[in-house]
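Visitor: The structure is given below, and queries will be raised subsequently.
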Amino acid sequence: MSQATTLTAATAGAAGDAADPAVRLTGLTKTFGRPGTAPVIDGIDLTVDPGEFVCLLGASGCGKSTLLNIIAGLERPTTGTAETHGPRPALMFQEHALFPWLTAGRNIELALRLRGVPKPRRAGIAAELLDLVRLGGAQRKRVHELSGGMRQRVALARALAQSGAADSADSADGADGSGATGAHPPLLLMDEPFAALDAITRDVLHDELTRIRAARPLTVVFVTHNVREAVRLGERVVLLTSRPGRIAREWRVDLPQPRRIESAGVADLSLEITDQLREEIRRHGRR
Amino acid sequence: MAAADPTETGETTGVTGTAVAGTATPDHDDAGLEAGLDALETPRRERPSLLTVARTKVLPPVVAVVLVLLVWQLVAAAHIKPSYALPGPIAVWHAFLHQWYLGTVGGIVGTSLGRGALGFLLSVVLGTPLGLVVARVRFVRTAIGPILSGLQALPSVAWVPAAIIWFGLSNATIYAVILLGAVPSIANGLVAGVEQIPPIHLRAGRVLGATGLRGIRHVLLPAALPGYLAGLKQGWAFAWRSLMAAELITTSPDLGLGLGQFLDQGRELSDMPMVLCAIVLILVVGVGIELLVFTPLTRRVLTSRGL
């Protein structure tokens, strides 16, 4: 696997201390319920550079979603720290989570409104984002009138709206009042966003996400249990153990984008990672 | 058709070609692929024709009403009971026409409808914040949630004697009984509506930054709307029922003549056609408001959400 280099978490950062990372997790541990119960995630150190695409990979019980919730600020770590730099992170789920009482366009406009984008600019940005996910004609469509793949694309557009990715043209305005974050691209946290889609649609959405990231600066933390998806998309794949979630190993994926999920490079690295993942899973059977 | 359309064949080979080569797909083909997928997967829904709607939605209730009237007329014609005790629908119709020519029907229905509407609106104003607090504040919910549900089971006519002692034979008595009947229904409807919200919507709202009052306005209330509307519908039924109970007992020359008082007059005169006419009017007004106001409103909300 000449394209892949194994890294340790400690050496993951590319630049020096001058530039803050987009995400920095230090000794992160989360325990639910009484203190003393087994932690869900245990001692995670992870740094994500601005503009990087990191895939978190793991079997059930590795605390992937908890980890994203902590980064998003929805949950607090039991010990350790989680810092993010740049605008408020946007979170995208496996379910589209669009509001069925609003049209596709209004869903995006609501995200903009809650971020403080003034009304006259909302419709324009929403239309631009729908164009970006190639749903220019769907602005007035209700959620139930869209297919699963289209819903997930609207959800992606909403997440982009929320993250501030639409402000690229006029970021000087500092729509959300955090204009000082100029250097940091928006942070998108994705929690198995394509897991519920059929293989054909998922494949197309991989291409779409790659295309959008080539067009706009974006930091992505992408959680998945699909090894090939992780290798198809990520610049770095982080394998987590289960119960508790710890970082087992990391791979840097140096294949050029856009990759194809069927390509030999993706397949080779996927094989290596799958072997390691299975080894981690087997460990639980032996206990 | 034009199978040899140059652009069409060109594009098809383009897609096949890249797939074989295994390299990245050019951008414009990508867009075509996505558009094709969208076209294939978009759910298609066909509107039923007006005739189908008439046959499946309108015909059955009309048949049922005609049947009921027919059986009623037959039973009345069989003289099982004397005709002053069980008049047929035709006699009741004549009683209605008699009132109509006296010019009293509009006033009677108007009085009751006005009281019902005002009482219902007051109930909405009180029941909505109450429901919101019960749904959102756990302590309040454990404290008064069961009481609120229990109040729904209490027939509101039971409040009439108490209300008369408090407020005398006045409009206040009537409104108090309506409120005690309708507020619990409306509050409970909102509580149920909030309970039915898929957790993912609340989570999405939090992620988008809709917290506190903004969360209630932009996520909680619109998401709970179907359950809330069901509560409003039931609230109206309870308000109307309570109003009739109150009017039936709270009769006084100082109070305007409503349907309940009209019904009571019929009883005093032992005028069975008048009594039945009042009953039918109460039924028609109550159901009519439901069909004209709440059913279309509920349907609009549900269809716009694809439910």
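Chains as they are written, first to last, in full-length UniProt numbering: chain A, 1 to 287; chain B, 1 to 307.
Using N, Cα and C, we set each Cβ at its ideal position, and we do this for glycine too.
Since residue 174 of chain B and residue 123 of chain B should fall inside the 8 Å C-beta cutoff, what is the C-beta to C-beta distance between them, to a whole number of angstroms?
Guide: Going by Cβ atoms, the distance from residue 174 of chain B to residue 123 of chain B rounds to 13 Å, so no, they are not a contact pair.
Visitor: When you compare each of B:295, B:69, B:104 to residue 236 of chain B by their alpha carbons, which one comes out closest?
Guide: Looking at the Cα atoms, B:295 is the closest of the given residues.
Visitor: Please state if the CB of residue 45 of chain A and the CB of residue 26 of chain A are separated by a distance shorter than 8 Å.
Guide: Yes; because the gap between Cβ atoms is below 8 Å, this pair is in contact.
Visitor: Taking a cut of 8 Å between CB atoms, which residues from the region 138-154 of chain A lie near chain B?
Guide: Correct list: 142, 143, 144, 145, 146, 147, 148, 149, 150.
Visitor: Which partner residues of residue 92 of chain A appear in the DSSP bridge assignment?
Guide: Beta-bridge pairing links residue 92 of chain A to A:190.
Visitor: Hey, quick one: how far does the alpha helix (DSSP H) through residue 30 of chain A stretch, first residue to last?
Guide: Segment 23-30 is the beta strand (DSSP E) holding residue 30 of chain A; no alpha helix (DSSP H) there.
Visitor: If you run the structure through DSSP and keep just helix, strand and coil, what is residue 40 of chain A?
Guide: It is coil, neither helix nor strand.
Visitor: Distance check for residue 204 of chain A and residue 30 of chain B, CA to CA, integer angstroms please.
Guide: For residue 30 of chain B and residue 204 of chain A, the distance between alpha carbons rounds to 8 Å.
Visitor: Could you tell me the distance, in whole angstroms, from the CA atom of residue 286 of chain B to the CA atom of residue 240 of chain B?
Guide: C-alpha separation (whole angstroms): 7 Å.
Visitor: DSSP has residue 83 of chain A in a bridge; who is on the other side?
Guide: Paired residues: A:24.
Visitor: Residues of chain A with a CB under 8 Å from the CB of residue 249 of chain B: which are they?
Guide: Result: empty, since nearest Cβ-Cβ is about 43 Å, beyond 8 Å.
Visitor: Anything in chain B within Cβ reach of residue 200 of chain A, meaning under 8 Å, just list it in chain order.
Guide: Ordered by position in chain B, the residues that pass the 8 Å Cβ test against residue 200 of chain A are 37.
Visitor: Taking the straight line between their C-alpha atoms, what separation do you get for residue 205 of chain B and residue 101 of chain A?
Guide: C-alpha separation (whole angstroms): 13 Å.
Visitor: Which partner residues does residue 245 of chain A have in the DSSP bridge list?
Guide: According to DSSP, residue 245 of chain A bridges with A:41.
Visitor: State yes or no: is the C-beta of residue 80 of chain A within less than 8 Å of the C-beta of residue 146 of chain A?
Guide: In this structure, residue 146 of chain A does not lie closer than 8 Å to residue 80 of chain A by Cβ.
Visitor: To the nearest angstrom, how far is it from the Cα of residue 251 of chain B to the Cα of residue 244 of chain B?
Guide: Taking the straight line joining both Cα atoms gives about 11 Å.
Visitor: Looking at residue 185 of chain A: is its Cβ nearer than 8 Å to the Cβ of residue 50 of chain A?
Guide: Against a cut-off of 8 Å, the Cβ pair of residue 50 of chain A and residue 185 of chain A comes out as a contact.
Visitor: Anything in the region 121-148 of chain B with a Cβ closer than 8 Å to a Cβ of chain A? List those residues in chain order, please.
Guide: Hits within the stretch: zero.
Visitor: Which full runs of the alpha helix (DSSP H) of 4+ residues lie inside the region 179-233 of chain B, going along the chain?
Guide: Those alpha helix (DSSP H) runs which fall completely within the region 179-233 of chain B and span 4+ residues are 199-208, 212-215.
Visitor: So what's residue 62 of chain A in DSSP terms, helix, strand or just coil?
Guide: Three-state result, residue 62 of chain A: coil.
Visitor: For the region 171-202 of chain B, which residues have a beta carbon sitting closer than 7 Å to at least one beta carbon of chain A?
Guide: So the list reads 200, 201, given in the order they occur along the chain.
Visitor: Just list the residues that DSSP pairs residue 222 of chain A with in beta bridges.
Guide: Partner(s): A:55, A:190.
Visitor: With a threshold of 8 Å between beta carbons, is residue 42 of chain B in contact with chain A?
Guide: Yes, because at least one Cβ of chain A sits closer than 8 Å to the Cβ of residue 42 of chain B.
Visitor: Give the C-beta separation of residue 234 of chain A and residue 62 of chain A to the nearest angstrom, bearing in mind that I take them to be a contact with Cβ-Cβ under 8 Å.
Guide: Wrong, their Cβ atoms sit about 16 Å apart, outside the cutoff.
Visitor: When the Cβ atoms of the region 89-108 of chain A are set against those of the region 118-134 of chain A, are three or more pairs found closer than 8 Å?
Guide: Touching, per the Cβ criterion.
Visitor: Cα-Cα, which of A:136, A:197, A:34, A:87 is closest to residue 95 of chain A?
Guide: Measuring from the Cα of residue 95 of chain A, the nearest candidate turns out to be A:197.
Visitor: Identify the contact partners of residue 162 of chain A in chain B, using a Cβ-Cβ distance below 9 Å as the criterion.
Guide: Under the 9 Å cutoff, chain B gives 207, 208, 209.
Visitor: Quick check: the Cα distance between residue 187 of chain B and residue 213 of chain B, rounded to an integer number of angstroms?
Guide: In a straight line, the C-alpha of residue 187 of chain B is about 19 Å away from that of residue 213 of chain B.
Visitor: For residue 122 of chain B, report the span of its alpha helix (DSSP H) as first-last.
Guide: It spans 105-136 - the alpha helix (DSSP H) in which residue 122 of chain B sits, taken as one unbroken run.
Visitor: Distance, Cα to Cα, residue 282 of chain A vs residue 307 of chain B?
Guide: Rounded to whole angstroms, residue 282 of chain A to residue 307 of chain B spans 44 Å at the Cα level.
Visitor: Determine, for residue 99 of chain A, whether the minimum Cβ-Cβ distance to residues of chain B falls below 8 Å.
Guide: Yes, its Cβ sits closer than 8 Å to a Cβ of chain B.
Visitor: Out of B:130, B:113, B:191, B:218, point me to the one whose CA is closest to residue 247 of chain B's CA.
Guide: Considering only alpha carbons, the answer is B:113.
Visitor: Could you check what DSSP says for residue 228 of chain A in three-state terms: helix, strand or coil?
Guide: If DSSP states are grouped into helix, strand and coil, residue 228 of chain A belongs with the helices.
Visitor: Tell me which residue opens and which closes the alpha helix (DSSP H) that residue 254 of chain B is part of.
Guide: Taken as a continuous stretch (DSSP letters only), residue 254 of chain B belongs to no alpha helix (DSSP H), as it is neither H nor E.
Visitor: Check whether chain A comes within 8 Å of residue 222 of chain B, counting only Cβ atoms and requiring the distance to be less than that.
Guide: True, the Cβ-Cβ gap to chain A drops below 8 Å.
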